[in-house]
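If you're matching them up, the sequences are chains A and B in order. Take the position in the first sequence, starting the count at 1, then add 7; the result is the number in our numbering. Take the position in the second sequence, starting the count at 1, then add 1217; the result is the number in our numbering. Note that CB positions come from ideal geometry on N, CA and C, so glycine has one too.
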Amino acid sequence: MLTWVALAALALFSGATFVVARRKAEGLALAGQMHSLPGYHGAYAAIWTGVPSALLLALALLFSGRFEAAVVRADPPAAVKALPAMNQDVFYGDARALARGAPPSEMIYGPELKVALDQTVAKVRGVETRSRVVIFALSAVCAFAGCLLAYRRLSPDFRARNRVEGWVGLLFLACSIVAILTTVGIVASLVLESWRFFQVVPAHEFLLGLRWDPQIAMRADQVGAKGAFGALPLFAGTFLIMLIAMAVAAPVGLFSAIYLSEYASRRSRAIIKPLLEVLAGVPTVVYGFFAALTVGPLFRGFFNAIGAQLVGGPLDGLGQYLSQVQNQMALVAGAVMGIMLIPFVSSLSDDIINAVPQSLRDGSLAMGATKSETVKKVIMPAALPGIAGALLLAVSRAVGETMIVTMAAGLQAKLTANPLDTVTTVTVQIVTLLTGDQEFDSAKTLSAFGLGLTLFVVTLILNIIALRIVQKYREQYD
Amino acid sequence: MTEATQTPTQATARARAADAAAARLKQRYAQERRFKLYGQAAIVAALTFLVILIGRIGVQGYSTFVDYQIALPVHLDATRIDRSYPQGANYDAMVAEALSAKLGAGPDDRAAVARLLSNDLGFQLLDKVRKDPGLIGRTVTVTGPIGADAGLYYKGEMTRSTPAQLRKLSDQQLAWLDRLKAQGLVRGGFNLAFLTRSDSTSPEQAGVFGAVVGSAMMLLVTALLAVPIGVLAATYLEEFAPKNRWTDFIEVNINNLAAVPSIVYGLLGLAVFINWLAVPRSSALVGGLVLALMALPTVIIATRSALKAVPPSIREAALGVGASRTQTVFHHVLPLAMPGVMTGAILSMAHALGETAPLLMIGMVSFVPGVPTSLTSAATVLPVQVFIWENASERAFHERTAAAILVLLAFMILMNLAAILLRRRFERRW
């Protein structure tokens, strides 16, 4: 709250500086030739007033929390020192909550601790007030200094526009660095956490192990306390579901792209393309709901009915199996994921087919080839690398897709190629490992980052190859 | 005299060749028709999937928007309510007694009667008594939703033909429900409560309002961060950046970021925003930050193509009359590219609205019964609400899930329409 007031005050002050500086520059402009327009002088003064001070404020507030906590926790009362580490955290959390007027936790304190708590609350209040005062004072000084500095430079010769544009250039650069920082952040967080994981579980055991069972016992002496982190069954499950999805998406998507670009009239194209875009815009959680509550029961009913017919016949074993299949079979998640990928494959391939020059089509048709022969013998060979790239991008999407598999695929890690079996995928396991309670020291939680790193590396490789191919062949004919 | 010199064998050979050619042609045309048919079949299949998907969810969800309200006069027994401690009284029991009296059910059946009701009625009574203690000892009429299972029966999702042990309500309870309807105590109407209430453990009281507010707050954060940063970054790359390795690297990097699985952004948010920067878990703020990073590459790519569409003559004219490069961009190029930029921005926000996976990583799957009050308080958003309800075991939550999806889709359609209108209204071809 106080912070917002301070920021508002700063904005007001900086706005006022702008108005005053511009007015002064306007006055100077009446007297003679100025290098820059009055607005630039105003902006220059406003920037020097507002920006350094706001930066200081933001950084200080971001990091003051840790500093304050360290000061409060230095030299704890004897009663608190006796507490176990976890309860100490709760104690200080409560002190902070009480100091801010928020409800504390449900921990019950004895009389000694109660006294200590009251003392600590007072200490927290004191430390927080002091640090706020220091921060606000510093940024106020900073704002006044900047204002004064900039205002004194105001003169007809001063190149205010170039200075302001310099600041704008800085802003531009900072914004485009955010994209780089995101990548750095992804790589750093994945690699650092995975590193900790690989110190507990060796990398080869993780990548090649055949058993996935991340449950870790609460007590060290419990049977099977260690848990198993062999991710191969997860990779196999992901691969299986991806294959099923591509078996649906590749033919349907490709043929719709061919039809749209080679056969469809302008009018039907104008209707069909937006409809396919609707299919592409449906959130994946909706596909997941559809898979779990509609497609799953439907497929299960279908296979169970076939199974019921076969039971007792010559194919009794198969019948028994089919009448036992579950909603969460790989086929369901794969098929629905395939539907989701149709518009993706179709629009990418459409672009690529359209990039094949018209002269190739005209040449082939002039030689007497039918349209389908032109497509098969001329356009496809020319577009093939690009389409391969598009399919690779779709594979990367399928591998990284989370919601459909979380809602429609199972949790059991199984090494199987049977589409009627339940399998689990890398993304499902990441979600299961990281939802609910988590402690950041257990191998169970850290293994999610190991899986995330694997996922990131695989999709990155697929994307780089695919984007290269797609771009290369799009440009070739330009 | 060629005809005269033609021998019969030559003539037959030629005729045979012509026949073969005709046959081949026929075969080729058949092939052509087949090929075209495959294409049509693919389109029809894709559109059928779309119709089934939307239709099925509409069918599952529309019944949520009808709900059955019961209006029940309840006697507030003065002997059972302590005036100094009104929240201690058992209002649910009083409601159940009132209903039992209406139905002529005995005291043994009271538990079965109570199963037909929502505990919302009891809460309403408590609220009334707190506001006006003078009501104690009098009879008050409360109107509220009927219990979830009873609602399913009225909507026809639970039928008498199902064997009684597979139903949640017995034959006796169904008979009571029929009588209630005949007495006119229960009335169906539009379910406004679904749109004005927040999540609840009882399906008949659960609504999407909290999730809608959460989504709006989160999208606000996302839009405020992703759109300005994305537009400025794209402008820099397109208009200012020198062509060198460094900018090539940034470009490749952005294209790859656009294709990184969304769940990886969730891991980034968990490690960086929550564990390192200590942003509150499951708040709209942290959700908005993560989605902003995710939407950034799409905004950049859309803005760049909008900027590319502005012809160079505009820039040359501005530079020619003495504008600086910054002035050229801000006074001429960006305003002209704005419709394209806004279209791209709205579309990427619509995409962010439907995103779920990264939000699961940053703790947004928690049960949030109220409306989030600030950016840092625990919030839930529409797609995550869908995920939570889909996982709930009660059957009555399934129709709510579908209805929440309908609300989500309505918002997405609105955003897409806005983008299309914007494009239609302002698009310029040079």
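{"query": "Just reading off the beta strand (DSSP E) that Pro1362/B is part of, what are its end residues?", "result": "Thr1356 to Pro1362"}
{"query": "Measuring alpha carbon to alpha carbon, tell me which of Phe74/A, Phe213/A, Glu269/A and Val87/A ends up nearest Pro118/A.", "result": "Val87/A"}
{"query": "Of all the CB atoms in chain B, is at least one closer than 8 Å to the CB of Thr434/A?", "result": "yes"}
{"query": "Which residue's Cα is closest to the Cα of Glu1644/B: Pro1552/B, Ala1620/B and Leu1570/B?", "result": "Pro1552/B"}
{"query": "Measuring only the C-alpha atoms, how far is Ala1318/B from Asp1337/B?", "result": "19 Å"}
{"query": "For a quick check, are the C-beta atoms of Ile1215/B and Ile1579/B less than 8 Å apart?", "result": "Because chain B in this structure spans residues 1218 to 1647, residue 1215/B falls outside the shown range and cannot be described."}
{"query": "Which two residues bound the contiguous alpha helix (DSSP H) that contains Pro1290/B?", "result": "First-last for Pro1290/B: Val1283 to His1292, but that is the beta strand (DSSP E), not the alpha helix (DSSP H)."}
{"query": "Measure the alpha-carbon distance for Thr1618/B versus Ala1365/B and round it to whole angstroms.", "result": "14 Å"}
{"query": "Going by C-alpha to C-alpha distance, which of Ser1417/B, Arg1612/B and Arg1396/B sits closest to Val1585/B?", "result": "Ser1417/B"}
{"query": "To the nearest angstrom, how far is the alpha carbon of Gly410/A from that of Leu1441/B?", "result": "Here residue 410/A turns out to be Met, not Gly, going by the sequence shown. Spanning the two alpha carbons is a distance of roughly 26 Å."}
{"query": "Quick one: list the residues of chain B neighbouring Ala299/A, beta-carbon separation under 8 Å, in chain order.", "result": "Glu1607"}
{"query": "Taking Cβ to Cβ, would you say Thr1573/B is nearer than 8 Å to Val1546/B?", "result": "no"}
{"query": "With 7 Å as the limit, tell me which residues of the region 179-212 of chain A have their beta carbon closer than that to any beta carbon of chain B; keep them in chain order.", "result": "Phe179, Leu180, Cys182, Ser183, Val185, Ala186, Ile187, Thr189, Thr190, Gly192, Ile193, Ser196, Leu197 and Glu200"}
{"query": "How long is the line joining the alpha carbons of Met249/A and Ala340/A, rounded to whole angstroms?", "result": "9 Å"}
{"query": "Buried or exposed for Asp1325/B, going by 16 or more other Cβ atoms inside 10 Å?", "result": "exposed"}
{"query": "What residues of chain A sit near Met1578/B, judged by a beta carbon separation below 7 Å?", "result": "Leu441"}
{"query": "Identify, in the order they occur along the chain, each residue of the same chain with its Cβ nearer than 8 Å to the Cβ of Leu1631/B, setting aside the five sequence neighbours on each side.", "result": "none"}
{"query": "Are the CB atoms of Ser1565/B and Ala1519/B within a distance shorter than 8 Å?", "result": "yes"}
{"query": "Counting only C-beta atoms, is Val1477/B closer than 8 Å to chain A at any point?", "result": "yes"}
{"query": "Can you give me the start and stop residues for the beta strand (DSSP E) that Phe1490/B sits inside?", "result": "That residue, Phe1490/B, is in no beta strand (DSSP E); it is neither H nor E in DSSP."}
{"query": "Phe236/A bridges to which residues according to DSSP?", "result": "Trp219/A"}
{"query": "Find the residues of chain A that neighbour Ile1274/B, judging by a C-beta separation of less than 9 Å, and give them in chain order.", "result": "Val293, Phe296, Phe297 and Thr301"}
{"query": "Measuring only the C-alpha atoms, how far is Arg1542/B from Leu1536/B?", "result": "7 Å"}
{"query": "What does Glu1249/B touch in chain A if you count any residue whose Cβ is under 7 Å from its own?", "result": "Thr377, Lys378 and Ser379"}
{"query": "Cα-Cα, which of Gly320/A, Met374/A, Ala395/A and Ala67/A is closest to Val352/A?", "result": "Ala395/A"}
{"query": "Tell whether a beta-carbon distance below 8 Å holds between Gln1422/B and Pro1362/B.", "result": "yes"}
{"query": "Rank Asn361/A, Tyr47/A, Ser366/A and Leu400/A by C-alpha distance to the C-alpha of Leu161/A and give the top, closest one.", "result": "Tyr47/A"}
{"query": "Classify Val1477/B as helix, strand or coil using the three-state DSSP reduction.", "result": "coil"}
{"query": "Please report the straight-line C-alpha distance between Leu1436/B and Ser1591/B, rounded to a whole angstrom.", "result": "14 Å"}
{"query": "Between the region 1365-1374 of chain B and the region 1280-1289 of chain B, are three or more C-beta pairs nearer than 8 Å?", "result": "yes"}
{"query": "Is Phe296/A helix, strand or coil when you go by DSSP?", "result": "helix"}
{"query": "Ignoring anything shorter than 4 residues or poking outside the region 277-334 of chain A, list the alpha helix (DSSP H) runs there in chain order.", "result": "291-297, 303-317 and 323-329"}
{"query": "So, is the C-beta of Val1603/B closer than 8 Å to a C-beta in chain A?", "result": "yes"}
{"query": "Are the beta-carbon atoms of Thr429/A and Ala416/A separated by less than 8 Å?", "result": "yes"}
{"query": "Given that a residue counts as buried once 16 or more other Cβ atoms are within 10 Å of its Cβ, and exposed if not, what is Glu1533/B?", "result": "exposed"}
{"query": "Give me the DSSP bridge partner(s) of Phe1407/B.", "result": "Val1283/B"}
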